[in-house]
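Quick notes on the structure that follows.
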Amino acid sequence: MDIGEVLQRHGLITPEQRVLVAAQAGSKRLDRAAVQMGFVRDDQVLKALADELGMRYVELKHFKVDRELLARFPTTAIFRHWLLPLARNNGRVTVATSDPFDLESLDELSSLSGFRLEPVLARRDDVVELIKENLGVGGDTIGELVARQAEEGVELLEEISDEGGELAEMAQAASVIRLVNDLLIEALSQNASDIHIEPQERGLTIRYRVDGILRVQPVPAEINHFYSAIVTRLKIMSRLNIAEKRLPQDGRIKLRVSGREIDVRVSIIPMLYGEGVVLRLLDKERMVFDLASVGMDAATSRIFQELIALPHGIVLVTGPTGSGKTTTLYSALNEIKSPAIKIITVEDPVEYHTNGISQIQVHSKIGLTFAAGLRSILRHDPDVVLIGEIRDGETAQSAIQASLTGHLVFSTLHTNDAPSAYTRLVDMGVEPYLVASTVEGVLAQRLIRKLCKHCKEHYTPEAKDIPPDFPQDFGGKLWRPVGCRECRDSGYSGRVGIFELIRNDADLRRLCVENASAGVIRDHCLRHGMTTLRQDGWNKVLAGITSVEEILRVTKGDVIAT
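Structure, rendered in structure tokens:
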């Protein structure tokens, strides 16, 4: 069959495009090359091939798989060839495939299962997603482990003494490595930022955090039996003590996955039913440190640009864990970085390695704390200093002294809003007059999910669904999430920041010296035009970037102190 002729006859590509695809395809099949080059969608190709070959094309987006039927097929073959049994009719089993020409795989599955198969065509991504959803990530590997255990009598790691643990891990290294790799690769394919591996009383739960929201990842029920093997493998990869199961441990793994460099921060904590594991995935190639891309509006960006260009003082970025503070600070450093400026950072841990910036890793166990590192680097004649986090009074005092001696200091604090940063420093033991004279600006931020550009829709909200503090002159129409293949039916894809920026002025310094409360400081800032996190969120709703529900989830209403 001349696939190029088929596509052209169905009006999917032009003769010129057919020639271009044929020239670029190389060893690839022409239809796959056309999809990769963006001339045609994969579902259009499959519908054309189905019409040509007398087959059916099926839409699997909301298909309900018959799990009893699926259980009668060998898991390994399903994963190896990405073939999905759908239904049984008149002695035949309908099987979804994305490749109508791969007859050998169909013959193998028919031979192994004993069923007569009737192939139908479906999108590969849909087939893969349904297989993982129903059999779990790593289902084929789990099947091999279960079979090996039954045949060879391999003991589970939790039943082995510490002395034999490492040898036992080596005995089934290949399968355990594959299983852990499956979990990591699936997380990266979903653009997850964290993997949570949580032992429960009955079973094991694995959750991925995608765009700030945790979602349960389907896994085979049998994975619970290999939980200790997974934890041991992760400990070995991150160079932790595999025999220590009573104390928390932190480690780091460096990986290369499909040519991408990935840093994995590993945190292991003993819990009631075993050790809980959280993996923070840092994809270096996906990180873009550019102030223009963090989501600041023009007015906020202009003021922040002025703050980071000051010769000395303290600029703070506040927010909870995972709110994008580090990304904003690195974007600021990249903005001002030049051969004429020496920048030194003290971090725990150093998350992103950046050329042109000297970075120091904190080691608290040997006495290299934030405060100790800061005292030492001031003798290295820096112009700009980044302190990963102000955690205690000693670090706060060191940051104050650095700013008083002519350095520009960037750092982060964990506060709920920008005005609270001033009172937090006072609570840490810094004199109010020092806070007033050194802190030049505070930026509070959160990350919100962006509406998927492929499926978001215009709608007219009901009056009861509009929050009281929402701008009343919004025009009557807003955007809301729908859900599609591109966003995995969540309605959202990617995240962007919302910001609340304070720049110090004479009145604010006076309030700090008078040890005013955070509420009074916030009231002053609101009366002088500060855009709050909530207001910035509403602006992004009006711009069609996010939804009302997302802002209600992330922020709370503004209250002016009296």
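Residues in the sequence shown are numbered from 1 upward in steps of one, following our numbering. Virtual Cβ for every residue (Gly too), placed ideally from N, Cα, C.
Alpha carbon of residue i to alpha carbon of residue j, nearest angstrom
i: Leu234; j: Arg280; result: 13 Å
i: Gln361; j: Gly313; result: 23 Å
i: Asp290; j: Arg88; result: 54 Å
i: Arg116; j: Val266; result: 47 Å
i: Gln36; j: Ala187; result: 23 Å
i: Thr318; j: Leu533; result: 12 Å
i: Arg379; j: Pro471; result: 52 Å
i: Gly4; j: Leu86; result: 30 Å
i: Tyr213; j: Asp283; result: Correcting the residue type first, residue 213 is Ile in the shown sequence and not Tyr. Cα to Cα, Ile213 sits roughly 18 Å from Asp283.
i: Pro270; j: Arg252; result: 18 Å
i: Trp538; j: Ile498; result: 10 Å
i: Gln357; j: Val346; result: First, the amino acid is wrong: residue 357 is Ile here, not Gln. Near 11 Å, if we compare the C-alpha coordinates of Val346 and Ile357.
i: Gly165; j: Thr232; result: Caution is warranted here: a pLDDT of 49 is assigned to Gly165, below 50, making its placement in the model unreliable, and no coordinate value can be reported.
i: Arg260; j: Glu285; result: 7 Å
i: Val554; j: Val264; result: 26 Å
i: Met530; j: His524; result: 9 Å
i: Asp42; j: His10; result: 14 Å
i: Gly274; j: Ser364; result: 27 Å
i: Phe410; j: Leu333; result: 9 Å
i: Asn134; j: Ile78; result: 12 Å
i: Leu12; j: Asp31; result: 10 Å
i: Asp383; j: Cys484; result: 49 Å
i: Ser189; j: Asp125; result: 11 Å
i: Ser228; j: Ile185; result: 20 Å
i: Glu118; j: Thr97; result: 10 Å
i: His454; j: Ser490; result: 12 Å
Where residue i falls: helix, strand or coil (DSSP)
i: Asp392; result: coil
i: Ile357; result: coil
i: Thr326; result: helix
i: Ile160; result: Since pLDDT at Ile160 reaches only 33, below the 50 mark, its modelled position is unreliable, and the value read off the structure follows with that caveat. Correct three-state label for Ile160: coil.
i: Asn134; result: helix
i: Glu486; result: coil
i: Asn181; result: helix
i: Ala122; result: coil
i: Ser98; result: coil
i: Ser364; result: helix
i: Ala340; result: coil
i: Arg56; result: coil
i: Ile545; result: coil
i: Ile13; result: coil
i: Arg29; result: coil
i: Arg495; result: strand
i: Arg116; result: strand
i: Glu335; result: helix
i: Glu186; result: helix
i: Val146; result: Note on Val146: pLDDT 47, under 50, position unreliable in the model; no value is reported.
i: Glu152; result: In this prediction, Glu152 has a pLDDT of 37, which is less than 50 and means its spatial position is unreliable; what the coordinates show is noted afterwards. Reduced to three states, the DSSP call for Glu152 is helix.
i: Val40; result: coil
Where the beta strand (DSSP E) through residue i begins and ends
i: Trp82; result: That residue, Trp82, is in no beta strand (DSSP E); it is neither H nor E in DSSP.
i: Leu282; result: 274-283
i: Ile213; result: 213-216
i: Glu347; result: 343-347
i: Arg207; result: 203-210
i: Ile387; result: 384-387
For residue i: DSSP bridge partner residues
i: Ile502; result: Val442
i: Asn89; result: Arg92
i: Leu478; result: Tyr459
Continuous alpha helix (DSSP H) stretch holding residue i: start and end
i: Glu198; result: Here Glu198 belongs to no alpha helix (DSSP H); instead the beta strand (DSSP E) covers 192-200.
i: Arg534; result: 533-542
i: Ala516; result: Premise fails: Ala516 is in no alpha helix (DSSP H) and is neither H nor E.
i: Leu106; result: 103-113
i: Arg67; result: 67-70
i: Gly373; result: 370-377
C-beta neighbour in chain C for residue i, strict 7 Å
i: Arg391; result: Absent from the structure: chain C. Only one protein chain is present.
Check: residue i C-beta below 6 Å from any heavy atom of the ligand MG
i: Ser175; result: Looking at this structure, you won't find the ligand MG or any other ligand, since it has none at all.
Segments of 4+ residues assigned as alpha helix (DSSP H) that fall wholly inside the region 227-271: Look at the region 227-271 and you find these whole runs of alpha helix (DSSP H), each 4 residues long or longer: 227-237.
Inside the region 406-476 only - alpha helix (DSSP H) runs reaching at least 4 residues: The region 406-476 contains these whole alpha helix (DSSP H) runs: 420-427, 432-438.
Complete alpha helix (DSSP H) runs within the region 287-329 (minimum length 4 residues, chain order): Whole alpha helix (DSSP H) segments, 4+ residues: 298-308.
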